[in-house]
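Just so you know, the protein sequences line up as chains A and B, in that order.
The working numbering applies: residue 603 is where the first sequence begins, and numbers increase by one.
The working numbering applies: residue 603 is where the second sequence begins, and numbers increase by one.
Ideal Cβ positions, reconstructed from N, Cα and C, are used throughout, including at glycine.
Quantities reported herein were computed from a predicted structural model and do not represent experimental measurements.
There are 2 protein chains.
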Amino acid sequence: MSQRFVFVISDRTGITAEALGHSLLSQFPTVNFKTETLPFVDNELKAAKVVERINQINEEQGIKPLIFATLVDDDIREIIASCNGVFFDLFDTFVGPLESALGIDSSHSVGQSHGVTNLNEYVARISAVNYSMATDDGVEVDHYQAADMIAIGVSRSGKTPTCLYLSLHYGVMAANYPLTEDDLKLGQLPPALTDHKDKLFGLTIEPFRLQQIRQERYNRESYASAKQCQWEVAQAEALFRKHKLPFINTTQMSIEEIGTTIMHKAGLKRKI
Amino acid sequence: MSQRFVFVISDRTGITAEALGHSLLSQFPTVNFKTETLPFVDNELKAAKVVERINQINEEQGIKPLIFATLVDDDIREIIASCNGVFFDLFDTFVGPLESALGIDSSHSVGQSHGVTNLNEYVARISAVNYSMATDDGVEVDHYQAADMIAIGVSRSGKTPTCLYLSLHYGVMAANYPLTEDDLKLGQLPPALTDHKDKLFGLTIEPFRLQQIRQERYNRESYASAKQCQWEVAQAEALFRKHKLPFINTTQMSIEEIGTTIMHKAGLKRKI
């Protein structure tokens, strides 16, 4: 099947346009999209070059590329909108209606969204990232007093990326502690965790998926066998239930989904 | 000034709706918005409860809350749209025009966007995160062969969160190496870096900002003094110029902007 070109165009990072564009395109799973993101299109010269590129693709393919844009500047937007593509204005579409709803004009200023706002937020974010790194994988358990949450689960259940996502995205102090074979054999919470039960959040995963992940990188029989994965997961889940800990099954979830779900279920407050 | 309530509503994580909503609201800096995100509104019962909450706020405040929604299911969307709020449909607004442009119907399926797609991508992402953690702060320089990029800069210039963002968000193998006082005194690239010059990317920062960040957490005179910060930054920038390394000034940038800019300027390919 021939490809349908998609251009994501932004005057800043393009992160938002990319996410919404991806979300929209995922509603058309039978089309073979080829997406190109063009961030920082913030002057008329760059905009003209983008139009040239789009028009070239249109000529080569004989079909109009799709354009997803978040552009604040009217002049730049007009240049892009003049291209031979199908233009979807993900941002400006809503600015007019918002002005009506609020009864005031918009500021038409670029780059408020992902810019640094203040030092305190920046420092909170960095502190959270440093905390998550320092307390990764059961290290520095003496610092659990400062934790907002402590993720627990078997090895390769997704604890580390989840905690980093929580700290980077929300400024949450997220530690993680691995449930080892020894912990699971005892069937008890490790001593380092017993004083922090209200902060614990369990991650579990289908044993089959766990085995796939473990085999992908660490093909040790004792670690990546079906039997071992099944046993570890069953023991971990029994422990979560015994202590009435909240837990989620991460098998079908992306890191973003795991992170957002934990924020939601644990009632954590974002700090940035 | 009284607050204007904003509800961000999604059947999945709400990350995209939150980002676009934030971006739109930042165009109205004089309004005091109070935003509440309601993720995982994925059945009619939950939708009805959300409507109840919105209507209650409307009654208490005497002014309609703003609703930013990304909802795929028509029934759920209709319930939410029936509330006493100003409804902005960030998703469905574009689905009809996209169907026209593509000449096919959308699948109307929920949660394609941030879901796990395949094992390879998941593993690539986790490997990149593990790599960034293992090579943080100049550790494991023997593994630079595997790096896609190596961030260098003075202490507290933003290297660690940038590398974690690159690995989490793009699956890029991002290492970082701190330029220490000793390195800067010699005015030469540290030996660990000389074989990997094409992967180096410099981060710099205004000395005043650097001082603020250092003082915030580590108030040691020798480290956080204006003089020391000025000297370190000047030396680091001289080193970047001497070796013609690409570098950016991160002072006014968020982690998202730094990450996206590096992807763009270094021509890195996303792996997820």
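{"Item": "So which residues of chain B does A/H710 contact, with C-beta pairs closer than 9 angstroms?", "Value": "Q629"}
{"Item": "Please go through the stretch 651-690 of chain A and give each complete alpha helix (DSSP H) segment of 4 or more residues, from N-terminal end onward.", "Value": "676-683"}
{"Item": "May I ask you to report which of helix, strand or coil DSSP gives A/L802?", "Value": "strand"}
{"Item": "Can the beta-carbon of A/P763 be found less than 8 angstroms from the beta-carbon of A/I857?", "Value": "yes"}
{"Item": "Hey, how far is the Cα of B/L802 from the Cα of B/A776?", "Value": "10 angstroms"}
{"Item": "Give me, in chain order, the residues of the same chain whose beta-carbon lies closer than 8 angstroms to that of B/D676; leave out the 5 immediate sequence neighbours on both sides.", "Value": "H710"}
{"Item": "Quick one: is A/Q813 buried, meaning 16 or more other Cβ sit within 10 Å of its Cβ, or exposed?", "Value": "buried"}
{"Item": "Would you report the Cα separation of B/L847 and B/G698, rounded to the nearest angstrom?", "Value": "47 angstroms"}
{"Item": "Three-state secondary structure (DSSP) at B/M775?", "Value": "coil"}
{"Item": "Compare the C-beta of A/F849 with all C-beta atoms of chain B and state if any pair is closer than 8 angstroms.", "Value": "no"}
{"Item": "Thinking B/L870 and B/M735 are a contact (beta carbons under 8 angstroms), I'd like their distance in whole angstroms, please.", "Value": "Incorrect: roughly 19 angstroms between the Cβ atoms, too far for contact."}
{"Item": "Grab the span of the alpha helix (DSSP H) containing B/S824 for me, first residue to last.", "Value": "E823 to A826"}
{"Item": "Which of the three DSSP states is assigned to A/K846 in this structure?", "Value": "coil"}
{"Item": "Note down, in chain order, all residues in the stretch 789-816 of chain A with a beta-carbon under 7 angstroms from any beta-carbon belonging to chain B.", "Value": "Q814 and I815"}
{"Item": "Taking a contact to mean a Cβ-Cβ separation below 8 angstroms, would you say A/F690 touches A/L668 in this structure?", "Value": "yes"}
{"Item": "Going by Cα to Cα distance, which pick from A/T637, A/P631 and A/A683 is closest to A/E654?", "Value": "A/A683"}
{"Item": "Where do the ends of the beta strand (DSSP E) carrying A/S612 lie?", "Value": "R606 to S612"}
{"Item": "Would you identify the three-state DSSP class for A/G869, choosing helix, strand or coil?", "Value": "coil"}
{"Item": "Determine whether the beta carbon atoms of B/I706 and B/V652 lie at a separation below 8 angstroms.", "Value": "no"}
{"Item": "Quick check on DSSP: helix, strand or coil for B/I754?", "Value": "strand"}
{"Item": "Pop quiz: B/T853 and B/I860 are said to be a contact at Cβ under 8 angstroms. What is the actual Cβ separation, rounded to whole angstroms?", "Value": "Contact flag wrong, Cβ pair sits at about 10 angstroms."}
{"Item": "Can you grab the Cα-Cα spacing for the pair B/Q832 / A/A826, in whole Å?", "Value": "52 angstroms"}
{"Item": "Going along chain A in order, which residues have a C-beta closer than 7 angstroms to the C-beta of B/H866?", "Value": "P641 and F642"}
{"Item": "Can you give me, in chain order, the residues of the stretch 726-752 of chain B that have a beta carbon less than 8 angstroms from any beta carbon in chain A?", "Value": "R727, I728, S729, V731, N732, M735 and D738"}
{"Item": "Please list, in chain order, the chain B residues whose beta carbon lies closer than 7 angstroms to that of A/T615.", "Value": "E858, E859 and T862"}
{"Item": "Return the CA-CA distance between A/R843 and B/E662, expressed in angstroms with no decimal places.", "Value": "41 angstroms"}
{"Item": "Using 8 angstroms as the threshold, is the C-beta distance between A/P809 and A/A794 below it?", "Value": "no"}
{"Item": "Which chain A residues are close to B/Y767, counting only those with a beta carbon under 7 angstroms from its beta carbon?", "Value": "L770"}
{"Item": "Write down the C-beta distance between A/T618 and B/L622 rounded to the nearest angstrom, noting that I regard them as a contact closer than 8 angstroms.", "Value": "5 angstroms"}
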